[in-house]
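Chemist: Counting along the sequence shown from 1, when you hit position 513 you're at 513 in full-length UniProt numbering, and nothing is skipped either side. Note that beta-carbon positions come from the ideal geometry of N, C-alpha and C, so glycine has one too. Take this structure first; my questions come after.
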Amino acid sequence: MCGICGFTGTDYDQPSVLKSMMNRIIHRGPDGSGQYIDGNIAIGHRRLSIIDLSDAGIQPMYNEDRSIVCTFNGEIYNYKELKEELLAKGHVFYSSSDTEVLIHGYEEWKESMLDRLRGMFTFVLWNKNTKELFAARDMFGIKPFYYAEINGNLLWASEIKSLLEYPGYHREVNLEALEQYLSFEYSVLPETFFKGIFKLMPGHYMKWKDGQKTITRYFDPVLTPSKEPVDHKKLIEQIDETMQDSIRYHMVSDVEVASLLSSGVDSSYVATQFHGAKTYTVGFDYETYNEIPYAQELSKTLGIENKSKVISTEEYWAELPRIQYYMDEPLADASASALYFVDREAAKDVKVILSGEGSDELFGGYVIYHEPMSLAGYQKLPKKIRKAMASLVSVLPGHPKGKGFLLRGSRDVQERFIGNANVYDMKLRNKVLRYPSGNSEPWRLTAPYYKKAEGLADTEKMQYIDLNFWLVGDILLKADKMSMAHSIESRVPFLDRKVYELAKNIPLQEKVTDTNTKVCFRKAAHKYLSAAQAKKKKLGFPVPIRVWLRTDKYYNIVKKEFTSDIAAKFFHTDELVKILDKHKAGKEDYARHIWVVYMFLLWYKQYFTENGCSVTIEDELRFEKLRKNNRNATMNNA
Numbered sequence: 001m002c003g004i005c006g007f008t009g010t011d012y013d014q015p016s017v018l019k020s021m022m023n024r025i026i027h028r029g030p031d032g033s034g035q036y037i038d039g040n041i042a043i044g045h046r047r048l049s050i051i052d053l054s055d056a057g058i059q060p061m062y063n064e065d066r067s068i069v070c071t072f073n074g075e076i077y078n079y080k081e082l083k084e085e086l087l088a089k090g091h092v093f094y095s096s097s098d099t100e101v102l103i104h105g106y107e108e109w110k111e112s113m114l115d116r117l118r119g120m121f122t123f124v125l126w127n128k129n130t131k132e133l134f135a136a137r138d139m140f141g142i143k144p145f146y147y148a149e150i151n152g153n154l155l156w157a158s159e160i161k162s163l164l165e166y167p168g169y170h171r172e173v174n175l176e177a178l179e180q181y182l183s184f185e186y187s188v189l190p191e192t193f194f195k196g197i198f199k200l201m202p203g204h205y206m207k208w209k210d211g212q213k214t215i216t217r218y219f220d221p222v223l224t225p226s227k228e229p230v231d232h233k234k235l236i237e238q239i240d241e242t243m244q245d246s247i248r249y250h251m252v253s254d255v256e257v258a259s260l261l262s263s264g265v266d267s268s269y270v271a272t273q274f275h276g277a278k279t280y281t282v283g284f285d286y287e288t289y290n291e292i293p294y295a296q297e298l299s300k301t302l303g304i305e306n307k308s309k310v311i312s313t314e315e316y317w318a319e320l321p322r323i324q325y326y327m328d329e330p331l332a333d334a335s336a337s338a339l340y341f342v343d344r345e346a347a348k349d350v351k352v353i354l355s356g357e358g359s360d361e362l363f364g365g366y367v368i369y370h371e372p373m374s375l376a377g378y379q380k381l382p383k384k385i386r387k388a389m390a391s392l393v394s395v396l397p398g399h400p401k402g403k404g405f406l407l408r409g410s411r412d413v414q415e416r417f418i419g420n421a422n423v424y425d426m427k428l429r430n431k432v433l434r435y436p437s438g439n440s441e442p443w444r445l446t447a448p449y450y451k452k453a454e455g456l457a458d459t460e461k462m463q464y465i466d467l468n469f470w471l472v473g474d475i476l477l478k479a480d481k482m483s484m485a486h487s488i489e490s491r492v493p494f495l496d497r498k499v500y501e502l503a504k505n506i507p508l509q510e511k512v513t514d515t516n517t518k519v520c521f522r523k524a525a526h527k528y529l530s531a532a533q534a535k536k537k538k539l540g541f542p543v544p545i546r547v548w549l550r551t552d553k554y555y556n557i558v559k560k561e562f563t564s565d566i567a568a569k570f571f572h573t574d575e576l577v578k579i580l581d582k583h584k585a586g587k588e589d590y591a592r593h594i595w596v597v598y599m600f601l602l603w604y605k606q607y608f609t610e611n612g613c614s615v616t617i618e619d620e621l622r623f624e625k626l627r628k629n630n631r632n633a634t635m636n637n638a
């Protein structure tokens, strides 16, 4: 895991600009740095050494005649097999690093190399002879990649904050991104919250030459469920074997690997299989928001040390501005902060952690995936009747029993489901925004994906939407940014090419039933976990924000931001306060609505106000030196 950045053109002093861009992402790689500057291009790299700890693993890395230059963020887990293939074809290697495989793989197979990779990655290859740049992002978007074009020049980086160091970029909030964020709770558009800065989307590669770029999708996480009866017992065995294989590959490392552990079946299964020595857990001092006792019990059973931390309410709130800084864009998933704390604990001991992201999207783990089944009978009624019923109940105050059912049942899946989060509806969104466009319904963004998923069952359509939206926009982004904030690599064995190839063919009835989720995976996990552990409902480091927001202290903290001059730039502050008051009074549960706006305001202060940033480049230099010294001391004492 590392940080990459670079730019073309000579509009500004290349060494000083590149240094600033690299320094801004030191947290992604405290173990070293490297750069390549030649004519019209400057390429930078920050190193977190995990595979091949020697100087031979330093980047940028080159081919034999130094005509191809590579910087890479991530891991290629099957690099040893690919290296054997390439050696047999006559390629010469100078290191035991997975980075070098990308260079020779591209020489041999060009962009089709991407179909051979098992791993998580973003990388850039520069051909010195042809003056062509090739960049790619992994299948699911585990690793981030951002780019911008300014005056015919291309800029790129692992994090947006690195691009902001380029003198030719001038910050401007993307109001369309804000509008959609209120519904999705994460940045959903290809263009980020910073006007002119874009994401290279998952499963895409980019070519750039002479100021012209092309972007191509090489992977689409389509679902092709088998229409033939499957052998249930054999399927469970296949899931277990495939997951064990993936975990073995994800353990490839020249440093110690640990695992995060919540109370969910995903991380619990990983803990039973990774054969490491440590697990890490966090919780809160509220019984229903604390997974520590479960994690300690399972770890004890497995003979693994569990290191746990109870997060105090005060320290959680104190770290929120810094967390939004590291996220680059506002994210209103409260569990991101829990990840920040658990990753911080793990980083005291190790450089690599395993985690359970991706299981829910592939194996059907979200409770909302039950919804099509619960609505099936009602939706047999003509849509005209269902719409009329919805109109009648919509005017009823509060949430009388059955109101939500009738409202949801009046709409088809593509109208009601935009992903795991659907916070502000259009009516409320237009009410709180100072400058709403009024015509950017969230479903317009997901509509093309529903079209691709025609022929699938509604639940499978929902899975496909989550694979393309929620997974990359929320789940994987927070996993990357929160781990990298502490210079630690997060690996996700569920999001492996081989696991996907198995999961995409699993019939719906083996994933979701009227009473259960992740049916076949839970049965595979039951081989190593008790029935209660295998059936346990997902929590995923839950955070008690709805409780906090009903206390005077935190109500007042949020109200201060909601009535600020900054809030007034973007919102009708009186409407924000109404939402806040209704939640505090217990009349409505508006916790997520409040959190979405509050996180945006904290993020804005980090990036758009004078002296608002919680982390300076000087802090990066100082903190990373301290982290490196602390980690070396820990490892020397181990």
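Relative to the C-alpha of R47, which residue among G57, I41 and D333 is closest?
Modeler: Position 47 of the sequence shown, counting from 1, holds the residue named residue 47. The shortest Cα separation from R47 among G57, I41 and D333 belongs to G57.
Chemist: Looking only at its chain, what residues have a beta carbon closer than 6 Å to the beta carbon of R344, apart from the 5 residues adjacent to it on each side?
Modeler: Taking the sequence shown and counting its residues from 1, one reaches residue 344 at position 344. Counting only Cβ-Cβ distances below 6 Å, and skipping sequence neighbours, we find H486.
Chemist: Would you call the segment 561–574 and the segment 587–603 touching, i.e. three or more CB-CB distances under 8 Å?
Modeler: Yes, they touch.
Chemist: At a cut of 8 Å, does the segment 550–558 reach the segment 402–409 through at least three beta carbon pairs?
Modeler: The answer is no - the segment 402–409 does not touch the segment 550–558, with fewer than three Cβ pairs under 8 Å.
Chemist: Quick one, are the C-beta atoms of residue 639 and E185 less than 8 Å apart?
Modeler: Residue numbering for the chain in the displayed model covers 1 to 638; residue 639 lies beyond these limits and cannot be assessed.
Chemist: In this structure, what does DSSP give as the bridge partners for T122?
Modeler: Within the sequence shown, numbered from 1, the residue matching residue 122 stands at position 122. Paired residues: N73 and R137.
Chemist: Do you know whose CA, among L117, F145 and M426, lies nearest H593's CA?
Modeler: Along the sequence shown, read from residue 1 onward, the residue named residue 593 stands at position 593. Of L117, F145 and M426, the residue nearest in Cα terms is M426.
Chemist: Extract the residue ranges of the beta strand (DSSP E) inside the segment 296–346, only unbroken runs of 3 or more that lie entirely within it.
Modeler: You should have 305–311.
Chemist: Where does Q59 fall in DSSP's three states?
Modeler: As a first step, residue 59 is located in the sequence shown; it is residue number 59 there, counting from the start. DSSP places Q59 in coil when its eight states are reduced to three.
Chemist: Quick one, are the C-beta atoms of V257 and G283 less than 8 Å apart?
Modeler: Numbered from its first residue, the sequence shown carries residue 257 at position 257. Numbered from its first residue, the sequence shown carries residue 283 at position 283. Taking 8 Å as the Cβ cut-off, V257 and G283 do not qualify as a contacting pair.
Chemist: Are residue 640 and K128 close, meaning C-beta to C-beta below 8 Å?
Modeler: For residue 640 there is no data in the structure shown, the boundaries of the chain being 1 and 638.
Chemist: Report yes if the CB atom of A346 is closer than 8 Å to the CB atom of Y280, and no otherwise.
Modeler: In the sequence shown, counting from the first residue as 1, residue 346 sits at position 346. In the sequence shown, counting from the first residue as 1, residue 280 sits at position 280. For A346 and Y280, yes; Cβs fall inside 8 Å.
Chemist: If you measure between the beta carbons of N151 and D11, is that distance less than 8 Å?
Modeler: Start at 1 with the first residue of the sequence shown, and residue 151 comes out as number 151. Start at 1 with the first residue of the sequence shown, and residue 11 comes out as number 11. Their beta carbons are under 8 Å apart, which means N151 touches D11 by this criterion.
Chemist: DSSP three-state label for L260, please.
Modeler: Here residue 260 refers to the residue found at position 260 of the sequence shown. If DSSP states are grouped into helix, strand and coil, L260 belongs with the strands.
Chemist: Return the CA-CA distance between H104 and P436, expressed in angstroms with no decimal places.
Modeler: Along the sequence shown, read from residue 1 onward, the residue named residue 104 stands at position 104. Along the sequence shown, read from residue 1 onward, the residue named residue 436 stands at position 436. Distance between the alpha carbons of H104 and P436 is about 50 Å.
Chemist: Return the first residue and the last residue of the beta strand (DSSP E) that D38 is part of.
Modeler: Counting from 1 along the sequence shown, the entry for residue 38 is found at position 38. Run containing D38: G32 to D38, per the beta strand (DSSP E) assignment.
Chemist: Taking R116 as the reference, give the member of L178, V92 and Y77 with the closest Cα.
Modeler: Translated into positions along the sequence shown, residue 116 becomes position 116. Taking only the C-alpha atoms, the option nearest R116 is Y77.
Chemist: So, at 7 Å on beta carbons, what are the nonlocal neighbours of V558 in its own chain, with the 5 sequence-adjacent residues on each side left out?
Modeler: Start at 1 with the first residue of the sequence shown, and residue 558 comes out as number 558. L549, L580, I594 and Y598.
Chemist: State the Cα-Cα distance for the pair P372 and S312, rounded to the nearest angstrom.
Modeler: Taking the sequence shown and counting its residues from 1, the one referred to as residue 372 is at position 372. Taking the sequence shown and counting its residues from 1, the one referred to as residue 312 is at position 312. If you take the alpha carbons of P372 and S312, they lie about 39 Å apart.
Chemist: Would the beta-carbon of W156 fall within 8 Å of that of V69?
Modeler: Locating residue 156 in the sequence shown gives position 156, counting from the first residue. Locating residue 69 in the sequence shown gives position 69, counting from the first residue. Cβ atoms of W156 and V69: not closer than 8 Å.
Chemist: What do you get for E501, buried or exposed, if any count of 16 or more other CB atoms within 10 angstroms of its CB means buried?
Modeler: Your numbering for residue 501 matches position 501 in the sequence shown. Looking at its Cβ environment, which holds fewer than 16 other Cβ atoms inside 10 Å, E501 is exposed.
Chemist: I believe V432 touches H583 by the beta-carbon criterion, under 8 Å. Please report the beta-carbon distance rounded to the nearest angstrom.
Modeler: Reading the sequence shown from its first residue, position 432 is the one you call residue 432. Reading the sequence shown from its first residue, position 583 is the one you call residue 583. At roughly 14 Å, the Cβ-Cβ gap does not stay under 8 Å, so V432 and H583 are not in contact.
Chemist: For the putative contact between D98 and M120, defined by C-beta atoms under 8 Å, what is the C-beta separation to the nearest angstrom?
Modeler: For the purposes of this step, residue 98 is taken as residue 98 along the sequence shown, with counting starting at 1. For the purposes of this step, residue 120 is taken as residue 120 along the sequence shown, with counting starting at 1. D98 to M120, Cβ: 11 Å. No contact.
Chemist: Whole angstroms is fine: what's the gap from H45's alpha carbon to G32's?
Modeler: Residue numbering aside, residue 45 sits at position 45 when the sequence shown is read from its first letter. Residue numbering aside, residue 32 sits at position 32 when the sequence shown is read from its first letter. Rounded to whole angstroms, H45 to G32 spans 8 Å at the Cα level.
Chemist: Name the residue from K209, R546, A524 and V615 whose alpha carbon lies nearest to the alpha carbon of V270.
Modeler: Locating residue 270 in the sequence shown gives position 270, where the first residue counts as 1. Answer by Cα proximity: A524.
Chemist: Just confirm the distance between the C-beta atoms of V492 and E357, as a whole number of angstroms; I'd bet it's less than 8 Å.
Modeler: Within the sequence shown, the letter at position 492 stands for residue 492. Within the sequence shown, the letter at position 357 stands for residue 357. Sure, about 5 Å apart at Cβ, within 8 Å.
Chemist: Note down the Cα distance separating G9 from N153, rounded to an integer number of angstroms.
Modeler: Here residue 9 is taken as the residue at index 9 of the sequence shown, counted from 1. Here residue 153 is taken as the residue at index 153 of the sequence shown, counted from 1. So the two alpha carbons sit approximately 6 Å from each other.
Chemist: For M251, which residues does DSSP report across the bridge?
Modeler: Counting from 1 along the sequence shown, the entry for residue 251 is found at position 251. M251 is not bridged to any residue.
Chemist: Let me make sure I understand the geometry here. Which of I160, K195, M251 and L626 has the alpha-carbon closest to that of R171?
Modeler: The residue given as residue 171 occupies position 171 in the sequence shown. The shortest Cα separation from R171 among I160, K195, M251 and L626 belongs to K195.
Chemist: Between the alpha carbons of Q180 and G90, how many angstroms are there, rounded?
Modeler: Here residue 180 corresponds to residue number 180 of the sequence shown, with the count starting at 1. Here residue 90 corresponds to residue number 90 of the sequence shown, with the count starting at 1. Looking at the two C-alpha atoms, the distance is approximately 51 Å.
Chemist: Assign E64 to one of two classes, buried (16 or more other C-beta atoms within 10 Å of its C-beta) or exposed (fewer than that).
Modeler: In the sequence shown, the residue the question calls residue 64 occupies position 64. Label assigned to E64: exposed.
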